[in-house]
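Visitor:
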Amino acid sequence: MEYLTGGDKIAWTVDIDKLDYGLYLPLFFDGLSEIRHPYKTYARQGVQDLISHGGDKIYPVIPQLIIPIKNALNTRHIEVMCVTLRIIQQLVMASDLIGPALVPFYRQLLPMFNAYKVKNINSGDAIDYGQKNNLNVGDLIDETLQVLERHGGEDAFINIKYMVPTYESCYLN
8 MEYLTGGDKI AWTVDIDKLD YGLYLPLFFD GLSEIRHPYK TYARQGVQDL ISHGGDKIYP
68 VIPQLIIPIK NALNTRHIEV MCVTLRIIQQ LVMASDLIGP ALVPFYRQLL PMFNAYKVKN
128 INSGDAIDYG QKNNLNVGDL IDETLQVLER HGGEDAFINI KYMVPTYESC YLN
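The number in the numbering used here is simply the position in the sequence shown, starting from 1, with 7 added.
#1: Quick one: residues in its chain with C-beta nearer than 7 angstroms to the C-beta of ILE148, no 5 flanking neighbours on either side, listed in chain order?
#2: Am I right that LEU39 and ALA101 are in contact with their C-beta atoms under 8 angstroms? What's the rounded C-beta distance?
#3: Determine the closest residue to CYS177 out of THR151, ILE105, LEU32, with distance taken between C-alpha atoms.
#4: Under the assumption that LEU104 contacts LEU155 (Cβ atoms under 8 angstroms), give the Cβ distance between them as a whole number of angstroms.
#5: Buried or exposed, going by whether 16 or more other CB atoms sit within 10 Å of the CB of ALA50?
#6: Quick one: Cα of LEU117 to Cα of MET170, how far?
#7: Determine the closest residue to GLY159 out of THR173, LEU142, PRO107, with distance taken between C-alpha atoms.
#8: If I measure Cβ to Cβ from ILE94 and keep anything under 7 angstroms in the same chain, skipping five residues before and after, which residues do I get?
#9: Can you find the residues in the same chain that come closer than 7 angstroms, C-beta to C-beta, to ASN127, ignoring five residues on each side of it along the sequence?
#10: Residues in the same chain with beta-carbon distance under 6 angstroms from ASP22, minus the five sequence neighbours each way, listed in chain order, please.
#11: For a minimum of 4 consecutive residues, which ranges assigned as the alpha helix (DSSP H) are wholly contained in the segment 60-131?
#12: Would you call ILE65 buried or exposed, if buried means 16 or more other Cβ atoms sit within 10 Å of its Cβ?
#13: Under the three-state reduction of DSSP, which class applies to HIS44: helix, strand or coil?
#14: Taking LEU197 and PRO33 to be in contact with their CB atoms under 8 angstroms, please state how far apart those CB atoms are, rounded to whole angstroms.
#15: Going by C-alpha distance, which of ILE58, GLY14, GLN96 is nearest ASP182?
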């Protein structure tokens, strides 16, 4: 672990491109539900590093990532959910193959989206100084659903609409 002023970072001893994604990616995804330091840092940074270097190597591992993602969303812990939503966005944008590969798994992933879609921070006329942390679950769910629709192919919208009935297509506006 490297402790830097901008945040902690994993000091990899092996080149990330040489890692076995079938072993390590599900392991790091399983740690997304952690809330204690340094475990959460290792899990989150490990997932981000592997996704950013993975590309098409992530595609065969998608079925193994569904249960850890679902478990992280089901914790109902706001910070864990927000981090997981951002990770889902990064995952989908990592390769053109991943978005359509996630569509069959929407039935497992999207029920928690439906439950928290309207949970926004209502600060009235006050200023939310925590915007930089992006911990507004409702907004993150909207962003994530739009990313899933854009990158999920032609069946993405109908599957999202089935699981989240209040979702409106980002293409129709």
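Note that CB positions come from ideal geometry on N, CA and C, so glycine has one too.
Guide: Considering the structure as presented:
#1: Contacts found: LEU92, PHE120, TYR123, LYS124.
#2: That pair is no contact at about 16 angstroms.
#3: Comparing Cα-Cα distances from CYS177 to each of THR151, ILE105, LEU32, the minimum goes to THR151.
#4: Rounded, the Cβ-Cβ distance is 14 angstroms, inconsistent with contact.
#5: Counting the other Cβ atoms within 10 Å of the Cβ of ALA50 gives 16 or more, which makes it buried.
#6: About 6 angstroms.
#7: Nearest C-alpha to GLY159: PRO107.
#8: Short of 7 angstroms from the beta carbon of ILE94, and not among the five residues preceding or following it, lie these beta carbons of its own chain, in chain order: LEU39, VAL54.
#9: These residues qualify, in order along the chain: ASN143, GLY145, ASP146.
#10: Its chain contains no residue whose beta carbon lies nearer than 6 angstroms to that of ASP22 once the 5 sequence neighbours on both sides are disregarded.
#11: Here the runs fully enclosed are 69-81, 85-101, 105-109, 113-116, 118-123.
#12: It is buried - the Cβ of ILE65 has at least 16 other Cβ atoms within 10 Å.
#13: In the structure shown, HIS44 sits in coil (DSSP, three-state: anything other than H, G, I, E or B).
#14: Here the chain comprises residues numbered 8 to 180, so residue 197 is not present and cannot be evaluated.
#15: Since the first and last residues shown for the chain are 8 and 180, residue 182 lies out of range.
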